[in-house]
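Following the working numbering from start to finish, the sequence shown increments by one per residue and tops out at 707.
Where a beta carbon is used, it is the ideal one built from N, C-alpha and C, also for glycine.
All values derive from a computational prediction rather than experimental measurement.
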Amino acid sequence: MHISDVKMLESIVKYLFANVGSLLSIRKIAASMTSAGRKIDSKTVEKYLTGLQDSLLVYQADRFDIRGKELLKINPKYYVVDAALRYLKVGRHGQDTGHILENTVYLELLRRGYEVYVGSMTGGEVDFVTKNEQGLAYYQISESTLQPEVMERELKPLQRIRDNYPKFLLTLDEIESAADYNGICKQNVLQWLLDK
């Protein structure tokens, strides 16, 4: 792939890395670049994103409609292959622990052999829907759920899922690090990462 504007590619990489774990569209990226004074069309953004995925710098997590059990073609999330690369491009102002944690869990789920999607449902989202030969599993990631309103917000999408596949809430909490909320298993994410 020929890159005619290296600075534009660098801007897109920085934008992607700064927005790890956020729903993005090609048009939104193009509009953001244009509003920053760097005009680019959607087709060029799409080519750059494909090149970044082909060169294994980022992964694209497509959205999965939980109710209809089908893939959605719009607004995926992107995850960086190495948090150090993200830090190099974004610096300290990109120190969003929640999104870095989400990125880490995404990579670990891939390493464990799952297909990984972003769960989409009316009025909410589940961070990850995984799929393998045993079926589906759902993962919600949060830095902490010690505040009642955060716990409620993180449990709500999982509680709305009406099937019997496993549901997990992964946090950095050390207090109340393991619990069961009517079939939703809360675990400390560091312990989960160490499990085989």
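Grab the span of the alpha helix (DSSP H) containing residue i for me, first residue to last.
{"i": "Val766", "result": "Residue 766 cannot be examined here, being either before or after the span of the chain that is shown, 512 to 707."}
Rounded to whole angstroms, how far is the Cβ of residue i from the Cβ of residue j, which I believe are closer than 8 Å?
{"i": "Gln651", "j": "Val637", "result": "6 Å"}
{"i": "Ala648", "j": "Tyr676", "result": "6 Å"}
{"i": "Lys525", "j": "Val601", "result": "6 Å"}
{"i": "Leu535", "j": "Tyr590", "result": "Not confirmed; about 11 Å, so no contact."}
{"i": "Ala541", "j": "Asp552", "result": "6 Å"}
{"i": "Glu626", "j": "Lys642", "result": "4 Å"}
{"i": "Ala594", "j": "Asn614", "result": "6 Å"}
{"i": "Val569", "j": "Leu599", "result": "14 Å between Cβ atoms; not a contact."}
{"i": "Glu557", "j": "Ile537", "result": "5 Å"}
Bridge partners of residue i, per DSSP?
{"i": "Met544", "result": "Looking at the DSSP assignment, Met544 forms no beta bridge with any residue, so it has no partner."}
{"i": "Leu647", "result": "Lys642"}
Give the range of the beta strand (DSSP E) segment to which residue i is assigned.
{"i": "Asp638", "result": "635-643"}
{"i": "Gly532", "result": "Premise fails: Gly532 is in no beta strand (DSSP E) and is neither H nor E."}
{"i": "Tyr628", "result": "626-632"}
Considering Cα atoms alone, identify which of the options is closest to residue i.
{"i": "Gly646", "options": "Leu618, Lys678, Glu663, Glu619", "result": "Lys678"}
{"i": "Tyr559", "options": "Met632, Ser631, Ser522", "result": "Ser522"}
{"i": "Ile686", "options": "Lys697, Asn693, Tyr692", "result": "Lys697"}
{"i": "Leu680", "options": "Val517, Asp576, Lys518, Glu654", "result": "Glu654"}
{"i": "Val592", "options": "Asp576, Thr608, Leu563", "result": "Leu563"}
{"i": "Met519", "options": "Thr608, Tyr692, Thr555, Trp703", "result": "Thr555"}
{"i": "Leu704", "options": "Asn530, Ile695, Arg622, Met544", "result": "Arg622"}
{"i": "Asn699", "options": "Val616, Tyr625, Ile577", "result": "Val616"}
{"i": "Arg671", "options": "Gly630, Leu683, Ser533, Asp565", "result": "Gly630"}
{"i": "Val531", "options": "Thr561, Gln571, Thr641, Arg578", "result": "Gln571"}
{"i": "Gly634", "options": "Asp565, Met662, Asp576, Ile611", "result": "Asp576"}
{"i": "Asn693", "options": "Glu660, Arg673, Ala547", "result": "Arg673"}
{"i": "Val661", "options": "Gly609, Met632, Leu620", "result": "Gly609"}
{"i": "Val640", "options": "Lys550, Leu582, Asp691, Leu612", "result": "Leu582"}
{"i": "Asp691", "options": "Ile537, Leu669, Leu701", "result": "Leu669"}
{"i": "Ser533", "options": "Asp706, Asp516, Leu612", "result": "Leu612"}
In chain order, each beta strand (DSSP E) run of at least 3 residues that lies wholly inside the region 549-615: 569-576, 581-591
Beta strand (DSSP E) segments (min. 3 residues) lying fully within the region 653-699: 678-682, 690-692, 695-699
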